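Chains as they are written, first to last, in the numbering used here: chain A, 1 to 349; chain B, 1001 to 1373.
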Amino acid sequence: MSATSPPGDEPRPSDPGERDSATRERGSPLGPSRRTAKPDWLDWVRARPRIRTLIGAGLPVGFVTVLLLFPYLFLFAHSFFRLTNGRLTHELTLENYRRLFGTALYPNTILFSAGIAARVTIVALLLAYPLAYLLAFKVKRHRNLMYMAVIIPLWVSYLVRAYAWKIILGQEGILNGFLKWAHLIDQPVTFLLYSKWAVIIALIHIYTPFTLMPIYAVLEAIPPALKEASQDLYASRWQTFRHVVLPLSLPGVVAGCTFSFVLSMGDFIAPGLLGGNDSALMVSNLVVSLFGVAFNWPLGAAVSVVMLVLTFTLLWLANKIETAMNYAGTPARRQETAVGAVGAGGLRK
Amino acid sequence: MRPPPPTPHTPQPLAPSHTISSILQLQHLIKRFDAFTAVDDLSLDIAAGEFLTFLGASGSGKTTTLRMIAGFERPTSGEILMEGTSITPLPPFKRDINTVFQSYALFPHMSVRDNVGYGLRMRGVPKAEIGKRVEEALQMVQLGHLGERAPRQLSGGQQQRVALARALVNRPRVLLLDEPLGALDLKLRKEMQLELKQLNKLLGITFIYVTHDQEEALTMSDRIALMRNGRIEQLSGPREMYEEPVSRYVADFIGETNLLQTTAARRLGGSAARLTIAGREFEASATPSWVEGKPAWLAVRPEHVRPASADGPGSLPVTVVDAVFTGVITRVHTTIDGGGHLVLHWPAERLAPEAGATLMVTWPTERGRCVGD
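#1: Compute the Euclidean distance between the alpha carbons of residue 57(A) and residue 49(A), then round it to the nearest angstrom.
#2: If you follow the alpha helix (DSSP H) that residue 229(A) is part of, which residue opens it and which one closes it?
#3: Where does the unbroken beta strand (DSSP E) through residue 57(A) begin, and where does it stop?
#4: So, using beta-carbon positions, are residue 1210(B) and residue 1177(B) closer together than 8 Å?
#5: Distance check for residue 243(A) and residue 359(A), CA to CA, integer angstroms please.
#6: What three-state label does DSSP hand residue 1210(B) in the structure shown?
#7: Is the beta carbon of residue 165(A) less than 8 Å from the beta carbon of residue 217(A)?
#8: Can you name the residues of chain A whose CB is closer than 7 Å to the CB of residue 1171(B)?
#9: May I have the straight-line CA-CA distance separating residue 32(A) from residue 52(A), to the nearest angstrom?
#10: My guess is that residue 1118(B) and residue 1160(B) are in contact by the Cβ rule of under 8 Å, so how many angstroms apart are they, rounded?
#11: Report buried or exposed for residue 1163(B), applying the criterion of at least 16 other Cβ atoms within 10 angstroms of its Cβ.
#12: Please determine if the region 194-208 of chain A and the region 152-169 of chain A are in contact, where contact requires at least 3 C-beta pairs separated by less than 8 Å.
#13: Please compile the residues from chain B whose C-beta is within a distance smaller than 8 Å of the C-beta of residue 355(A).
#14: Does any C-beta atom of chain A lie closer than 8 Å to the C-beta of residue 1272(B)?
#15: Please list the partners that residue 1113(B) has in chain A, where partner means a Cβ-to-Cβ separation under 9 Å.
#16: Using a Cβ-Cβ cutoff of 7 Å, what residues of the region 218-245 of chain A are near chain B? List them in chain order.
#17: Is DSSP giving residue 1341(B) helix, strand or coil here?
#18: For the region 1258-1273 of chain B and the region 1068-1079 of chain B, state whether three or more C-beta atom pairs, one from each stretch, are separated by less than 8 Å.
#19: Select from the region 246-259 of chain A all residues with a C-beta closer than 8 Å to any C-beta belonging to chain B, and list them in chain order.
#20: Please decide whether residue 1126(B) counts as near chain A, where near means a Cβ-Cβ distance under 8 Å.
#21: Pick from 1047(B), 1109(B) and 1342(B): whose alpha carbon is nearest that of residue 249(A)?
#22: Hey, residue 1355(B) and residue 1305(B): beta-carbon distance below 8 Å or not?
#23: Taking just the CA atoms, how far does residue 282(A) sit from residue 275(A)?
#24: Give a yes or no on whether the C-beta atoms belonging to residue 1192(B) and residue 1060(B) are separated by under 8 Å.
#25: Determine the burial state of residue 1199(B): buried for a count of at least 16 other Cβ atoms within 10 Å of its Cβ, exposed for fewer.
#26: Within 10 angstroms of the Cβ of residue 326(A), are there 16 or more other Cβ atoms? Answer buried if so, exposed if not.
#27: Looking at the unbroken alpha helix (DSSP H) that takes in residue 240(A), where does it start and where does it end?
#28: Under 9 Å, CB to CB, which of the residues in the region 1068-1102 of chain B have a partner in chain A?
#29: For a cutoff of 8 Å on Cβ pairs, would you count residue 1333(B) as touching chain A?
#30: Tell me, please, which residues DSSP counts as bridged to residue 1440(B).
#31: By Cβ distance below 6 Å, which residues in the same chain neighbour residue 1239(B) in space, the five residues on each side in sequence not counted?
#32: Is the CB of residue 1140(B) under 8 Å away from at least one CB in chain A?
#33: Look up residue 1297(B) in the DSSP assignment and say whether it is helix, strand or coil.
#34: Quick one, which residues of the region 1025-1042 of chain B are near chain A if we go by CB-CB under 8 Å, in chain order?
#35: Would you report the Cα separation of residue 306(A) and residue 214(A), rounded to the nearest angstrom?
#36: Put residue 142(A) into one of helix, strand or coil per three-state DSSP.
What follows is the structure, encoded as structure tokens:
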């Protein structure tokens, strides 16, 4: 600190960071008069809490603005630009949206993707709910270990997991090999890979943990006394599940289903790798080819905007339903939405 | 409080011999969790209509015993009989017993009315009757106007009443209460204690109550089973437990007690003992917990100790440490010349002594009890 700095700028011991520097300075053999280690502007900033707050909040806000809001705005703007002779012209038009809704391909692809996503969601739910139930109520020892066993695949690269299904379902794959070894078939079965079903199987595999996490989180949060109270009031185990456990777990079910539906509907890697003629074209693949192959950015942007609107509507709706069904009472719990539930699921013991 | 709905079970008077009308019999119940024995060979007959309290410190096995009666825990060995028939293997939903939980355990996704009607719905009682009985039960706990509320919109005391109504609406033979008043403030707790006692007498339902609060147990119970290390240390009425503790543990647990260390103890004829405290001899009634040759304490309540007019037999010299005025009484803390502390309630009509004053104290011989560990 220089001798010219105002007296009010002395480091305050209440701030841990400043206490450290103060200790360091006191310990210096040069004494307090020669404290020149820090630049002036730092002291200037520290003395002004408003500017400190602005810097603190400014960084994340700026991050989101530059990396999320601006791209969305560009995307939105592009969807209204015109493509003339393969060149992008900055002239506003509704042509892209007209083409999007006028050509059967685009709505059909969106519907087809939604159909795939719906099937993935249903099967993932049927797999995840019983598993979450077992984990939450029946597994007493090694519960964390078992939970981790479900979650750990999420750390494996998505591509690896998608490719794994190529290895399993391929013509010379593990499944065919097994069937031949068991003399169930003579020739390799070819309908396994490159089909709608391969895509669905891979997506189920990839997104079931996402469905499980929020369901496990809500099930685990149900106080054991509620189940005991139900049984105490003459409800059998099935009635207890039907009238107490199931209704209380519905927010988690909605959150889990939202995850698997939204994520698998927007997926383009699994259909690209495993899809057949009928299914290599989910809506995201369409967007990829519009941007990359056809170089039709405006139309690609228009499809993306429609998908964004659909997704946000879905998330908003899911959030509404979750909030309405969340009876637990405390304000913190009531705000626990899809994302919050997953966080809680991962962190809870 | 309004009169309760008529019950199919008419209230039965407490039978003099509880073998005849005992509603529950616990026979040699043992419950082990791995290496820990929570309940250790507990046998008890519970009379129909009585208010029985399991009192004890945490870990004494009182809640485990209650959970075995409810059916939430299977005893490691032993039998539970209800009116002579074993209910040991039955799950909770097949027992004619309802529970008021410590945490109330109200269903958060149901209205108060649906909470109270839950048991009746599960038993398939006709809708019209459910509606009627739920209303009656809510009236009984003075919550008739809150039926549509969600549990979280109620205060702790109101939730407690809903939990009570939810159990009582089923007209069980036995009601289990697991520290139901623990979360309430003192004033509300006192009110509820009296209300619970009235309900017990009015409805004729057997109440089995668990608490660690000795005052609560004394206030409400017909009988108290004081639990220690999974066993019943003493089973008796509140007055007997207070005035005639069978052991040092009971004397210490119930109310305020002076436990004076003895240097020698000798059994006289009958149930009397002669104890030596600070070089002076005192007579006291011997309890079964003391065996001649083992350490003995003289247990005497502060309200029975009085200043003595003169040094004489049965009096003890003490030095005043402090005199604390607590409103109703003045509590005088003293040290015994020769070691140990003694507290007495100072007579209201006399001026409290100063700290440092020496005086003689005495107590009626029959109030002193010789207890063992």
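Virtual Cβ for every residue (Gly too), placed ideally from N, Cα, C.
Being a predicted model, the structure only gives us computed values, none of them experimental.
Answer, in terms of the structure:
#1: Numbered from 1 along the first sequence, position 57 holds the residue referred to as residue 57(A). Numbered from 1 along the first sequence, position 49 holds the residue referred to as residue 49(A). Distance between the alpha carbons of residue 57(A) and residue 49(A) is about 12 Å.
#2: On the first sequence, position 229 is the one that residue 229(A) refers to. Per DSSP, residue 229(A) belongs to the alpha helix (DSSP H) from 224-232.
#3: The count along the first sequence starts at 1 and reaches residue 57(A) at position 57. Counting along the chain, residue 57(A) falls outside any beta strand (DSSP E), though it belongs to the alpha helix (DSSP H) covering 49-64.
#4: Position 210 of the second sequence holds residue 1210(B). Position 177 of the second sequence holds residue 1177(B). Contact: yes.
#5: It is not possible to answer for residue 359(A), since the shown part of chain A is limited to 1 through 349.
#6: Start at 1 with the first residue of the second sequence, and residue 1210(B) comes out as number 210. Residue 1210(B): strand per DSSP, three-state reduction.
#7: Your numbering for residue 165(A) matches position 165 in the first sequence. Your numbering for residue 217(A) matches position 217 in the first sequence. No.
#8: Here residue 1171(B) refers to the residue found at position 171 when the second sequence is read from its first residue. Correct list: empty, because the minimum Cβ distance to chain A is about 12 Å.
#9: As a first step, residue 32(A) must be located in the first sequence, where it is residue number 32. As a first step, residue 52(A) must be located in the first sequence, where it is residue number 52. Because the pLDDT of residue 32(A) is 48, which lies under 50, any placement of that residue in the model is unreliable, and the question is left without a value.
#10: Locating residue 1118(B) in the second sequence gives position 118, where the first residue counts as 1. Locating residue 1160(B) in the second sequence gives position 160, where the first residue counts as 1. Residue 1118(B) to residue 1160(B), Cβ: 17 Å. No contact.
#11: Counting from one through the second sequence, the residue named residue 1163(B) turns up at place 163. That one is buried.
#12: yes
#13: Residue numbering for chain A in the displayed model covers 1 to 349; residue 355(A) lies beyond these limits and cannot be assessed.
#14: Residue numbering aside, residue 1272(B) sits at position 272 when the second sequence is read from its first letter. No - not a single Cβ of chain A is within 8 Å of the one on residue 1272(B).
#15: Working through the second sequence from its first residue, we reach residue 1113(B) at position 113. Within chain A, no residue comes near residue 1113(B); the closest Cβ sits about 14 Å away, beyond 9 Å.
#16: 223, 225, 226, 228, 229, 231, 232, 233, 234, 235, 236, 239 and 244
#17: Here residue 1341(B) is taken as the residue at index 341 of the second sequence, counted from 1. In the structure shown, residue 1341(B) sits in a strand (DSSP, three-state: E or B).
#18: no
#19: 247 and 248
#20: As a working mapping, residue 1126(B) is identified with position 126 in the second sequence. It does not: the Cβ of residue 1126(B) has no partner Cβ on chain A nearer than 8 Å.
#21: Position 249 of the first sequence, counted from the first residue, corresponds to residue 249(A). Measuring from the Cα of residue 249(A), the nearest candidate turns out to be 1109(B).
#22: Locating residue 1355(B) in the second sequence gives position 355, where the first residue counts as 1. Locating residue 1305(B) in the second sequence gives position 305, where the first residue counts as 1. Not a contact, by the Cβ cut-off of 8 Å.
#23: Looking up residue 275(A) in the first sequence gives position 275. Looking up residue 282(A) in the first sequence gives position 282. If I take the Cα positions, the gap works out to 9 Å.
#24: Translated into positions along the second sequence, residue 1192(B) becomes position 192. Translated into positions along the second sequence, residue 1060(B) becomes position 60. No, these two residues do not count as a Cβ contact at 8 Å.
#25: The residue given as residue 1199(B) occupies position 199 in the second sequence. It counts as buried.
#26: Taking the first sequence and counting its residues from 1, one reaches residue 326(A) at position 326. When all chains shown are included, residue 326(A) counts as buried.
#27: The sequence position of residue 240(A) within the first sequence is 240, counting from 1. Note, residue 240(A): alpha helix (DSSP H), 237-240.
#28: 1070, 1071, 1072, 1091, 1092, 1093, 1094, 1095, 1097, 1098, 1099, 1101 and 1102
#29: In the second sequence, counting from the first residue as 1, residue 1333(B) sits at position 333. No, its Cβ sits nowhere closer than 8 Å to a Cβ of chain A.
#30: Limits of chain B in this structure are 1001 at one end and 1373 at the other, which puts residue 1440(B) out of reach.
#31: Taking the second sequence and counting its residues from 1, one reaches residue 1239(B) at position 239. Contacts found: none.
#32: As a working mapping, residue 1140(B) is identified with position 140 in the second sequence. Cβ-Cβ to chain A under 8 Å: no for residue 1140(B).
#33: The residue given as residue 1297(B) occupies position 297 in the second sequence. Strand, per DSSP.
#34: none
#35: Position 306 of the first sequence holds residue 306(A). Position 214 of the first sequence holds residue 214(A). Approximately 27 Å between the Cα atoms of the pair.
#36: For the purposes of this step, residue 142(A) is taken as the residue at position 142 of the first sequence. The answer is coil: DSSP assigns residue 142(A) none of H, G, I, E or B.
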